[in-house]
Structures are given as structure tokens and as C-alpha cells.
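According to our numbering, the sequence shown is numbered sequentially starting from 1. Every residue, glycine too, gets a C-beta built ideally from N, C-alpha and C. For reference, the structure is listed below as C-alpha cells.
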Amino acid sequence: MKTYINLKDTPVFDAHCFAYNDDILTEDIMTSQYAMIGPSPSYMSKTDRDARVSELALSTGALNKRVHDLAKYLGCESDISEVIKERELRRKSDFPKYVKGLIEDISLKGMGVDTALYSLEEADNFGKTFPGFIKKTFRLTTLVKDLLNTSTSFENLISDYDAAMNDAVKNHGCIAFKSIIAYRTGLNIEKVSESDAAASFDNRKSEPTWYGYKAKALRDFLIRRSLLNCIKLDATFMIHTGLGDSDIVAMECRPLMLWELLTNDELMECKVMLIHGGFPYTEEATYMANVLPNVYFDLSAGTGPAFLEKAVSPERFTDVLRSVPNSKVIYSSDGGEGGPETLWHDCVTAKSAVGYALGNLVDEGIYDEIKAQSIGEDIFYNNSKRLFKF
Numbered sequence: 001m002k003t004y005i006n007l008k009d010t011p012v013f014d015a016h017c018f019a020y021n022d023d024i025l026t027e028d029i030m031t032s033q034y035a036m037i038g039p040s041p042s043y044m045s046k047t048d049r050d051a052r053v054s055e056l057a058l059s060t061g062a063l064n065k066r067v068h069d070l071a072k073y074l075g076c077e078s079d080i081s082e083v084i085k086e087r088e089l090r091r092k093s094d095f096p097k098y099v100k101g102l103i104e105d106i107s108l109k110g111m112g113v114d115t116a117l118y119s120l121e122e123a124d125n126f127g128k129t130f131p132g133f134i135k136k137t138f139r140l141t142t143l144v145k146d147l148l149n150t151s152t153s154f155e156n157l158i159s160d161y162d163a164a165m166n167d168a169v170k171n172h173g174c175i176a177f178k179s180i181i182a183y184r185t186g187l188n189i190e191k192v193s194e195s196d197a198a199a200s201f202d203n204r205k206s207e208p209t210w211y212g213y214k215a216k217a218l219r220d221f222l223i224r225r226s227l228l229n230c231i232k233l234d235a236t237f238m239i240h241t242g243l244g245d246s247d248i249v250a251m252e253c254r255p256l257m258l259w260e261l262l263t264n265d266e267l268m269e270c271k272v273m274l275i276h277g278g279f280p281y282t283e284e285a286t287y288m289a290n291v292l293p294n295v296y297f298d299l300s301a302g303t304g305p306a307f308l309e310k311a312v313s314p315e316r317f318t319d320v321l322r323s324v325p326n327s328k329v330i331y332s333s334d335g336g337e338g339g340p341e342t343l344w345h346d347c348v349t350a351k352s353a354v355g356y357a358l359g360n361l362v363d364e365g366i367y368d369e370i371k372a373q374s375i376g377e378d379i380f381y382n383n384s385k386r387l388f389k390f
């Protein structure tokens, strides 16, 4: 009989996630989280596209698992319509109570909230409603876009960039900064001189745009500057690695593209978290977290269309835990934007998968059950507590 390490009541800090709201949840919203058609095809109307997304999602194991698990929690029939109906009844009746139940069911104690497009003040306001504590991660890519639009000179942009990072930590208590440059110009980050970065700023309006001005040389320059600032501020640098939504620069998102950056002597002191563990290039992220002293592996248990079921499988987690120092494996969900249920379900899924993965390692004679239980507690809470110092 295979060993299973029960982590049901293990405390959780969700190191990379988003603020949820009390909006209505519909079938269309739920299905859109589980299937996507890449760059919107011109031959399809929006109505046809939405219908196709729904059709595809309803035939995925990932969505059916979420419906089944939510139905079990809510005590209703395992049918998406019934799950939505019961969820909406609870939302309308007492949303804070409903959220509290979800949070307590997974023992979620804290959230590392990515500010995304929100302000730090808005993140603080969300924290007042969350039945636990939050820590904030400042989204650098949003700052870059804003400064590329508003800065009148390269010198002003750099000054404002440094000031914003300093303010985020010293006046707003941010614990980390996050870049999604993999969605903008890719992870092939080159060492750029200040003069070339300034020229990139000056020429930004003459280039094709991609979610704002591309200015690749300038963006690469700012990534290196961000790591240096993180060292000074004792903050963690989070960076998206691997595939993701359909607007990812898919050919330049492999973790090993960061090798030159992260092995630079003046930058190696920076604590770096590889968001999503580079999936599907897991072995690359595993190697980097193993050989680079301050690189951490983000477990990322999200189950949306970008991450497939393999990303949250016991098999993947077993391979990770065989190789990565377990003290450097960090749990996160990447959830929240689709409602509090995403935080809940991603955690339920991750605890199950990690439980089986640790059980595999017990059966292989690598750990005993007591040690495996302790590793599970580290992954879901203690490693984050040490890294982020809360």
C-alpha cells in the first residue's frame, strides 16, 4: 500500500497570489479559467469564441475536478450549474462567512498578494477584509509601462524607478518585487550599458508596441537594476518563468535563459523565486534552484489552462522534491483573480499532490513519515516564513 502524507491541516502561506473580490461567478467565468484559444482568431466572432472556450473547458479533467471538489465542499450535486447556484446562494447570503469557511478549510494563514494593476493602498484595503494576514509583492512590469509613458528623460525614469522600489519596501512593507518580462520581451536578458539603455528609452516610440513600449534594452537594464535594488532592500525578486497565458513570449521563456543574469557575481546575493517553477521546463528550474544558492523553486499549483494537470501532479512534485533542496521549495497558487475558490482549490490540489509525492519518497526509503510531514509543513508555510521574514 502506497504511503500518503496527510497535509490537510498544515498551515499555508500562499506566496504568490492575487486579491479576490465578491463578484458574481458564472459558468462562463468558470469555464474561461480552464480553456483558452490563443491569439484571438479573426474567423471567429466573440460569441463563437466564447462558446468554443466553454465547450473545450467542459471536456477537460481540470475543470471537472474543480467542479467535483467544490460540489463535495458545498454539499451539492457534482454539476457545474448546481455548483454555481450553491456558490451564489452563499455569496449573496454572507460572502465574508463563505470566504472564511474556504480559508479555514485549507488552513490558509497568509497571502503574498501581487499588486498587479492595483495600487499598494488598494492591496492594503483588501487585506482588511481577508481573514488572515497579507504581505505585498510590487509588480514591476506595471511600473515600467507607466514610466515609459510618463518619463520625460532616461535619468528621470531611473530615479523614479529606484524611488518607487524604495518606497514600496520602506513605506508600504512590500516583501518582494515581481517581473513578468517573459510576457513582454522574454527571458533572454542581456547585459546592457547605461548609454544603450538611454538610447532604448529615446527610441521607444519608433518601435512596435506590445502591451506598451517594448524598449527591450531598457527593460533588460532595469531587470539587473531591480536585482541590485532587491539586495539593498533585502527583498525577494520574483520572475515568471515557463509558459503561461497566450500572450507569453513562448520561444523565450525558459528558465535557463536567466543563467547569465543569475550567475553574475554582483547579482548572486539576490533572493530570486522562479515563479511556476519554469513549467514545462521543470528540470531547468530544478537545476537552477539546486546549484544557485539564492534561487527558490515556486511550486505553483495553479490548474488553469496555462498549466495543465501535469504541472500539479504527484509525479512532477516527486521529481522536484528528489532534486531541489526542500528548504527552497515554496508553495503558491497563482490564484485569487477568479474568486476565492481558486485559492481554495489550488491549495486542495497541491496538498494532495505533495502528500502523494512525499509518500513516494517515504516508500523509496528517502525519508521516514515524520520527516516527510515536516517537509510538507516547510513547503506550505515555514520556508516562506524564513524567506520573507514574517
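Short Cβ contact (7 Å threshold) for residue i with residue j
i: G112; j: T137; result: yes
i: A217; j: S200; result: yes
i: E194; j: I231; result: no
i: F297; j: G242; result: no
i: A357; j: C253; result: no
i: Y402; j: G359; result: Residue 402 is absent from the structure shown; the chain starts at 1 and stops at 390.
i: P11; j: Y381; result: yes
i: V312; j: A372; result: no
i: I106; j: W344; result: yes
i: Y213; j: R204; result: yes
i: V324; j: T286; result: yes
i: V272; j: F237; result: yes
i: A198; j: F154; result: yes
i: F126; j: D22; result: no
i: F13; j: G110; result: yes
i: L147; j: D160; result: yes
Proximity to residue i [Cα-Cα], best of the options
i: N188; options: L147, M251, D247; result: M251
i: G336; options: M165, E121, I134; result: I134
i: K385; options: A163, N156, V192, Y331; result: Y331
i: L120; options: I106, D105, G278, L143; result: L143
i: T31; options: V12, S81, L256; result: S81
i: L274; options: G173, K328, I158; result: K328
i: N294; options: D334, R322, N383, V362; result: N383
i: Y98; options: G110, L117, Y73; result: Y73
i: I103; options: E260, T263, G339, L58; result: G339
i: T209; options: E122, T185, D196; result: T185
i: F388; options: R66, A15, K2, D9; result: A15
i: L117; options: W259, V291, N125, R139; result: R139
i: L233; options: V169, I239, D202; result: V169
Neighbour-count burial assignment, residue i, 16 or more Cβ in a 10 Å radius
i: T115; result: buried
i: K310; result: exposed
i: S226; result: buried
i: K46; result: exposed
i: S179; result: buried
i: P255; result: buried
i: E369; result: exposed
i: E207; result: exposed
i: Y43; result: exposed
i: M288; result: buried
i: D346; result: buried
i: D220; result: buried
i: I366; result: exposed
i: A123; result: buried
i: T150; result: exposed
i: T152; result: exposed
i: G173; result: exposed
First and last residue of the uninterrupted beta strand (DSSP E) at residue i
i: R139; result: 133 to 139
i: Y213; result: That residue, Y213, is in no beta strand (DSSP E); it is neither H nor E in DSSP.
i: I24; result: Here I24 belongs to no beta strand (DSSP E), and DSSP marks it neither H nor E.
i: A62; result: No beta strand (DSSP E) holds A62; the alpha helix (DSSP H) holding it covers 61 to 74.
i: G110; result: 108 to 114
Nearest-angstrom Cβ-Cβ length linking residue i and residue j, presumed shorter than 8 Å
i: D50; j: D69; result: Their Cβ separation, rounded to whole angstroms, is 25 Å, which puts D50 and D69 out of contact at 8 Å.
i: F246; j: G277; result: Inspection of the sequence shows that residue 246 is occupied by Ser rather than by Phe. So it is not a contact: roughly 20 Å between Cβ atoms.
i: T282; j: V320; result: 7 Å
i: A63; j: Y34; result: In the sequence under discussion, the amino acid at residue 63 is Leu, which differs from the Ala named in the question. Confirmed, Cβ separation roughly 4 Å.
i: M165; j: N264; result: That pair is no contact at about 19 Å.
i: R224; j: L292; result: Not a contact, Cβ separation roughly 16 Å.
i: D363; j: N326; result: The pair is not a contact, with the Cβ atoms about 17 Å apart (cut-off 8 Å).
i: C76; j: V67; result: That belief does not hold up - the Cβ atoms of C76 and V67 are roughly 10 Å apart, past 8 Å.
i: L7; j: K351; result: 4 Å
Residue range of the alpha helix (DSSP H) that includes residue i
i: I80; result: 80 to 105
i: C347; result: 340 to 363
i: S179; result: Taken as a continuous stretch (DSSP letters only), S179 belongs to no alpha helix (DSSP H), being part of the beta strand (DSSP E) at 176 to 179.
i: A372; result: 369 to 377
i: V295; result: Segment 295 to 298 is the beta strand (DSSP E) holding V295; no alpha helix (DSSP H) there.
i: L120; result: 120 to 129
i: A285; result: 282 to 291
i: D50; result: 46 to 57
Any non-hydrogen atom of the ligand PLP within 6 Å of residue i CB
i: P325; result: Although the ligand PLP was asked about, the structure shown includes no ligands whatsoever.
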